[in-house]
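K.L.:
Residue numbers (our numbering): 100 to 672. Next up is a structure, given as structure tokens.
The following block contains the structure:
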């Protein structure tokens, strides 16, 4: 692939990264007011916002594993990307039109409106966040060399930060000039998001994705090397009939999907040591960062501006709180700007200082910034500290994924157990292919000597004359032997559930899904416990203290991450 082609592919893939982040940032920012407007209490509102991450924890590893073993003409990743993008587009339609949909379905629309709104929000959050997993795997597939992979994920983090900036700004714009045409501020905003996102999704149609490895249906043993007359009649029709072939593929897909559900516990438990260490470090780092990001605006509004969120609109206390929330939003916007800057220079930093130094520096930097926010009462100092956490945000979006790609690029060193398993599977496949070719050759020879190898070959041979049975011509291949060696047998074995001998033992999308689970879990845990901690301490400063404490824990586990071959022996992984 030429340099220009690589750049084009990189921009096409990451255009969807940009579109997803714009929709998540703008949509989720606009969601809390919508829920409060329809009468949802604040304590239930936080539960609604946790629906997407909780569902993601369940389905992300399943989708990752399914993507690694998927076979289609569109590749392994894009079918899952497109289905999840369809869910995002559907949610962008449901959320602003929840009231209209409820009015069409019920006389008392308010309960149904709340239900539609909750479904739309959960769909947006779930599909939007989960879609990043196959997208990251697609980047890793296209850019497998460590240097190229790091550059690709630097652009990926840049697009996420840029999408966040645009997403945070769009709800602040007054779209009243479009209201007569699109039906209000909400409809204008979500219609614009849908148009932006649809354009980004269409860009993925031009991405050149490599075909799935280990696809037994495309292997050399399936080539039609023998005459069609030498195949059993019923098997030939099954293998060649388009309707039955399509049905077989659907059955295969359904079988794989159903087989994944009982594997959820195994997928989380049977994790390679290097991935497990990286996951724990990621989880602690993201929990620290998300505790800061989720509650920062409330911290500024109550802690620095001394506002009261439950005060009546128009009062002095409520005005101070609203000013603090706006200043907190500015801090998060500056964090995105800082993240964009560090994403552009991340490749330079890694080349000059190494992955270990940059990763550890980003993790160490965050608790320092959080402690400054705890101790300072200056709005300027706190805002600058919040903006500088963009360094940590950028590093967590790039370096863990490049490390996972490094592990899979050099499986012999980092994933040696799974590498040996794949080599054993490949050797088994070679043996079966050689055996299949030998039987097909015998079948062809039998055909040339007057034996058709039909389904009734055994019965016809038993009723033949003694002279024919003692002739010197090679015996006809029996129906059972023929069906074992024929292409139709592959179809039959897949339909009844026999495992494919050449399927990869562990794909990168599964491990990227495990890392993404750390991000999803980091949103759920603070939402469950931070409210109780603040209520117990009677101070919103507990938000920043908790973030700093989790950051210190993250430093310890970050030192245990495997960065190179020397760490394998050091940590006895």
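Note that CB positions come from ideal geometry on N, CA and C, so glycine has one too. As the structure is a prediction and not an experimental result, all values here were calculated from the model.
If you draw a straight line from the alpha carbon of residue 669 to that of residue 508, how long is it in whole angstroms?
P.N.:
Rounded to whole angstroms, residue 669 to residue 508 spans 21 Å at the Cα level.
K.L.:
Within 10 angstroms of its Cβ, does residue 607 collect 16 or more other Cβ (buried), or is it exposed?
P.N.:
Residue 607 should be labelled buried.
K.L.:
Distance cutoff 8 Å, beta carbons only. Does residue 386 sit that close to anything in chain B?
P.N.:
No chain B appears in this structure, which consists of one protein chain only.
K.L.:
Among the residues of its own chain, which have a CB less than 7 Å from the CB of residue 131, if the five just before and after it don't count?
P.N.:
Within the same chain, residue 131 has close Cβ partners 144.
K.L.:
Check whether the Cβ atoms of residue 497 and residue 442 lie closer than 8 Å to each other.
P.N.:
Yes, Cβ-Cβ distance for residue 497 and residue 442 is below 8 Å.
K.L.:
Along the alpha helix (DSSP H) that carries residue 395, what are the first and last residues, could you check?
P.N.:
That run of the alpha helix (DSSP H) goes 372-397.
K.L.:
Are residue 249 and residue 437 touching if we call contact CB-CB under 8 Å?
P.N.:
No, Cβ-Cβ distance for residue 249 and residue 437 is not below 8 Å.
K.L.:
Which whole-angstrom value describes the C-beta separation of residue 386 and residue 649, a residue pair presumed to lie in contact below a C-beta threshold of 8 Å?
P.N.:
Sure, about 5 Å apart at Cβ, within 8 Å.
K.L.:
Rounded to whole angstroms, what is the Cα-Cα separation between residue 106 and residue 117?
P.N.:
Cα to Cα, the separation comes out at about 16 Å.
K.L.:
Evaluate contact between the region 630-637 and the region 246-263, counting only Cβ atoms and requiring at least three cross-stretch pairs below 8 Å.
P.N.:
Taking 8 Å as the limit for Cβ pairs, the verdict is that the region 246-263 does not touch the region 630-637.
K.L.:
Taking just the CA atoms, how far does residue 180 sit from residue 611?
P.N.:
Cα to Cα, the separation comes out at about 15 Å.
K.L.:
Just to check my reading of the structure: residue 195 and residue 289 have Cβ atoms closer than 8 Å, yes? What is that Cβ distance to the nearest angstrom?
P.N.:
Rounded, the Cβ-Cβ distance is 4 Å, consistent with contact.
K.L.:
For the alpha helix (DSSP H) that residue 408 lies in, which residues bound it at each end?
P.N.:
Taken as a continuous stretch (DSSP letters only), residue 408 belongs to no alpha helix (DSSP H), as it is neither H nor E.
K.L.:
Would you kindly check if the distance between the Cβ of residue 158 and the Cβ of residue 218 is under 8 Å?
P.N.:
It is not a contact, given that the beta carbons lie outside the stated cut-off.
K.L.:
Pick from 269, 480, 286, 303: whose alpha carbon is nearest that of residue 237?
P.N.:
Taking only the C-alpha atoms, the option nearest residue 237 is 303.
K.L.:
Hey, could you find the ends of the alpha helix (DSSP H) residue 80 is sitting in?
P.N.:
Residue coverage of the chain in this structure runs from 100 to 672, which leaves residue 80 outside it and unanswerable.
K.L.:
Should residue 631 and residue 382 be called a contact, given that it needs their Cβ atoms to be closer than 8 Å?
P.N.:
Cβ atoms of residue 631 and residue 382: not closer than 8 Å.
K.L.:
For residue 503 and residue 377, which I take to be in contact (beta-carbon distance under 8 Å), what is that distance rounded to the nearest angstrom?
P.N.:
With 8 Å as the limit, residue 503 and residue 377 qualify as a contact, their Cβ atoms being about 7 Å apart.
K.L.:
Compute the Euclidean distance between the alpha carbons of residue 667 and residue 162, then round it to the nearest angstrom.
P.N.:
Taking the straight line from one Cα to the other gives about 29 Å.
K.L.:
Taking all protein chains shown into account, do 16 or more other C-beta atoms lie within 10 angstroms of the C-beta of residue 409, making it buried, or fewer, making it exposed?
P.N.:
Residue 409 should be labelled exposed.
K.L.:
Would you identify the three-state DSSP class for residue 576, choosing helix, strand or coil?
P.N.:
With a pLDDT of 38 at residue 576, under the threshold of 50, the modelled position of this residue cannot be trusted, and the question is left open.
K.L.:
Can you confirm whether the region 395-403 touches the region 476-494 when touching is taken to mean that 3 or more C-beta pairs between the two stretches lie within less than 8 Å?
P.N.:
Yes, since at least three Cβ pairs between the region 476-494 and the region 395-403 fall closer than 8 Å, the two stretches touch.
K.L.:
For residue 635, report the span of its alpha helix (DSSP H) as first-last.
P.N.:
Element bounds for residue 635: 607-636.
K.L.:
Is DSSP giving residue 508 helix, strand or coil here?
P.N.:
Of the three classes helix, strand and coil, the one that applies to residue 508 here is helix, per DSSP.
K.L.:
Please work out which residues of its chain come closer than 6 Å, Cβ to Cβ, to residue 226, disregarding the five sequence neighbours upstream and downstream, and give them in chain order.
P.N.:
So the qualifying residues of the chain are 183, 186, 187.
K.L.:
Using the beta-carbon count (16 or more within 10 Å), is residue 205 buried or exposed?
P.N.:
Counting Cβ neighbours within 10 Å, residue 205 comes out exposed, since fewer than 16 surround it.
K.L.:
What distance in whole Å lies between the Cβ atoms of residue 373 and residue 506, which are believed to be in contact at a cut-off of 8 Å?
P.N.:
Contact holds; Cβ gap of about 5 Å.
K.L.:
Look at the Cβ atom of residue 400, then the Cβ atom of residue 416, and state whether they are nearer than 8 Å.
P.N.:
Not closer than 8 Å, so no.
K.L.:
What is the rounded straight-line gap between the Cα of residue 292 and the Cα of residue 191?
P.N.:
Cα to Cα, the separation comes out at about 7 Å.
K.L.:
Would you mind giving the Cβ-Cβ distance between residue 263 and residue 120, rounded to the nearest angstrom? I have them listed as a contact below 8 Å.
P.N.:
Yes, residue 263 and residue 120 are in contact; Cβ-Cβ is about 5 Å, under 8 Å.
K.L.:
Around the Cβ of residue 476, are there at least 16 other Cβ atoms within 10 angstroms (buried) or fewer (exposed)?
P.N.:
Answer is exposed; the Cβ neighbour count stays below 16.
K.L.:
Please report the distance separating the alpha-carbon of residue 481 from that of residue 510.
P.N.:
Each residue's Cα considered, the two are about 44 Å apart.
K.L.:
Assuming residue 380 contacts residue 657 (C-beta within less than 8 Å), just tell me the rounded distance between them.
P.N.:
Contact flag correct, Cβ pair sits at about 5 Å.
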